[in-house]
Structures are given as C-alpha cells and as structure tokens.
Amino acid sequence: MESRSHISGHLRRYFDHSCPLSGDLIPWVYAIHAEYQKLQSAATTVESRRETGVTHRIRSLFQKAVESAACKHSPAIWRLYLQFEVQQQHEKEAKMVFYRALRECPWAKVLYVDAISHFSADLQDIVDIMTEKDLRIRVPLEEVDLLLRNARLAKEEEPAREADIC
Numbered sequence: 190m191e192s193r194s195h196i197s198g199h200l201r202r203y204f205d206h207s208c209p210l211s212g213d214l215i216p217w218v219y220a221i222h223a224e225y226q227k228l229q230s231a232a233t234t235v236e237s238r239r240e241t242g243v244t245h246r247i248r249s250l251f252q253k254a255v256e257s258a259a260c261k262h263s264p265a266i267w268r269l270y271l272q273f274e275v276q277q278q279h280e281k282e283a284k285m286v287f288y289r290a291l292r293e294c295p296w297a298k299v300l301y302v303d304a305i306s307h308f309s310a311d312l313q314d315i316v317d318i319m320t321e322k323d324l325r326i327r328v329p330l331e332e333v334d335l336l337l338r339n340a341r342l343a344k345e346e347e348p349a350r351e352a353d354i355c
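Residue numbers (this note's numbering): 190 to 355.
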C-alpha cells in the first residue's frame, strides 16, 4: 500500500508541474485519468456517491485544464468534464459546465448532443440554442422527444426485469 501511494504521489507531483507548462491536451487527460483510477479503486471501499478528496482533485484538474490555453477550445476535454459531473450526479454543476463549454466551443455540435442525452428535460432550450447558432437539426424535435421518452421508459423497466429474474 505504501509503495502504491508513494508512486501515486510522484505521479501527482509530476503532473502538477508538467501540465501547466505543456501546451497540449494530452498531459491534462493523463493527469485526470490517473486521478480517476484512484476514484475507481476508492469506490470499492467507500460509498460511491460520497464526495471524496479525489473527486475534488479531479474537479480541480478539470477547472485548471479548461482555463489553460491548450484545452480551453477543446470539445474533448469539455465532454469529459460534463460526463464526470453527470456521473457524480451533480446536475446543476453539469449544466454550468455545458454552458461554459458552449461559450468556448459554440461550433461543437457534439456538446449539444451530449446535453440532450443528459438533460432531456431541457430539450427545447438546447434546440433553441442550436437554432440560434445556426446548427442544423436533421431530426424533427418530436421524434427526438419520443426517442428520449422511450429510452427513459426502458431504463425504468430494467430494474423491474432484474427483480423478476431474481
């Protein structure tokens, strides 16, 4: 255990030093991934929904990354950040990340698609923003709403099916 934490400390210090100096996205992604691995291993011992120091560290790394010139206009890092907040079940923070991402990457249609899948209740608002930005929507809004509703129903039925099997 000690040797693992010793290596982890070295790795953390390395990334703390090299990420801000780098003009690239890759060190930030590796630093976030290393911390995320710690979170995954801690989730087996600690209640997974509870905030830990590692979750705060990951959030801090994302904050620093999206403020850096190398990552500010990268839809990939914004998508990872949004996904992290959604996994932590922080809808309010996830929406704030989404709107910040739109300010930095208004051309990235994938951000809107992610938002629709995570915040289906705000479908009309997201579509209105897409229309404002002159992004094309190839599927009628009613069809998207129907697909989202069917996906929600399937998720709700899944636990019932598992209970029937047991």
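Beta carbons are placed, not taken as given, at the ideal position from N, Cα and C, and that holds for glycine.
Ends of the alpha helix (DSSP H) at residue i?
{"i": "Leu214", "result": "Per DSSP, Leu214 belongs to no alpha helix (DSSP H) and is neither H nor E."}
{"i": "Ala254", "result": "242-256"}
Can you look up residue i in the DSSP assignment and give me helix, strand or coil?
{"i": "Pro264", "result": "helix"}
{"i": "Ala297", "result": "coil"}
{"i": "Lys322", "result": "coil"}
{"i": "Gln278", "result": "coil"}
{"i": "Phe308", "result": "coil"}
{"i": "Arg327", "result": "coil"}
{"i": "Ala259", "result": "coil"}
What is the C-beta distance between residue i and residue j, in whole angstroms, given that I count them as a contact (C-beta under 8 Å)?
{"i": "Glu280", "j": "Leu250", "result": "In fact, because the Cβ distance is near 21 Å, the residues do not count as touching under 8 Å."}
{"i": "Leu312", "j": "Leu337", "result": "7 Å"}
{"i": "Ala290", "j": "Leu271", "result": "7 Å"}
{"i": "His307", "j": "Ala283", "result": "6 Å"}
Taking the Cβ atom as the reference point for each residue, do residue i and residue j lie within a distance shorter than 7 Å?
{"i": "Ala259", "j": "Gly212", "result": "yes"}
{"i": "Ser263", "j": "Leu214", "result": "yes"}
{"i": "Ala265", "j": "Trp217", "result": "no"}
{"i": "Ala304", "j": "Phe287", "result": "yes"}
Let me check you understand the geometry: is the CB of residue i closer than 6 Å to at least one non-hydrogen atom of the ligand GTP?
{"i": "Ala343", "result": "In terms of ligand content, the structure shown is empty, and the ligand GTP therefore cannot be addressed."}
Taking Cβ positions only, does residue i come closer than 7 Å to chain D?
{"i": "Ala310", "result": "Protein chain content of the structure displayed is limited to a single chain, and chain D is not contained in it."}
Q. Would you call the segment 291-306 and the segment 238-247 touching, i.e. three or more CB-CB distances under 8 Å?
A. By the C-beta criterion, the segment 291-306 is judged not to be in contact with the segment 238-247, since fewer than 3 inter-stretch pairs fall below 8 Å.
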